[in-house]
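Down below is the structure, laid out as structure tokens.
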Amino acid sequence: MKKLLFLFTTLLLISCSSEDEESVTTFLEKYDEYGFTDGDEYWFFFNDTIFLKYAEPAEFMCFEIKEGENRTFIAEIISNDSQKLLVKLTAPCSDCETESLQFTIDSTGNNLTVMYDGDSNDTDSYMKTSTKFASVCE
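Under my numbering, the first residue of the sequence shown carries the number 400, and numbering increases by one thereafter.
Put into structure tokens, the structure is as follows:
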């Protein structure tokens with residue numbers, strides 16, 4: 400009887416822990432196809448190979464970021480948990496600087512904060528938009 404109780408308890412613990420792991424949603428899963436703007440600049444998130452897109456239409460600037468080599472830098476996702484996305488951008492030269500971008504969205508899902516290089520005094524704020532990347536980068 401003790402062995403049966405032990406087996407049942409073990410199976411229960413295993414089944415509960417696997418449900419918890421499956422219920423964790425990453426930042427990119429949660430905000431897939433969301434866009435944010437400050438009126439001049441736009442950030443878009445995608446749970447895909449190209450995971451981040453940036454647009455600044457007045458400057459005719461649009462680019463897409465994928466993990467690994469991009470045109471002028473290497474992008475690495477450092478953290479993609481349910482609360483934040485942390486991306487490191489490195490130029491492909493030995494003495495070039497590295498920049499990090501930390502994206503967090505408030506509990507309403509409407510406000511994005513971008514923190515640069517881990518400096519809480521160097522941030523920008525954006526509001527959720529229904530505008531699509533293609534409409535600002537054609």
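Even glycine gets a Cβ: it sits at the ideal position worked out from N, Cα and C.
None of these values were measured; they are calculated from a predicted model.
What did DSSP end up calling V513 once you bin it into helix, strand or coil? strand
Assuming S524 and T512 make a contact with CB atoms under 8 angstroms, what is their CB distance in whole Å? Yes, S524 and T512 are in contact; Cβ-Cβ is about 6 angstroms, under 8 angstroms.
Quick check on the burial criterion: 16 or more other C-beta atoms within 10 angstroms. Buried or exposed for Q501? Q501 is buried by the Cβ-count criterion.
Can you give me the start and stop residues for the alpha helix (DSSP H) that E533 sits inside? Glu is not the amino acid found at residue 533; the sequence shown has Ala there. From DSSP, the alpha helix (DSSP H) with A533 extends over 532-535.
If we ignore side chains and look at the alpha-carbon of each, how far apart do R470 and F443 end up? 19 angstroms
Just the Cα atoms here: how many angstroms apart are N509 and Y430? 11 angstroms
Three-way DSSP call (helix, strand, coil) for A490 in this model: coil
Around the Cβ of F435, are there at least 16 other Cβ atoms within 10 angstroms (buried) or fewer (exposed)? Around the CB of F435, 16 or more other CB atoms lie within 10 Å, so the residue is classed as buried.
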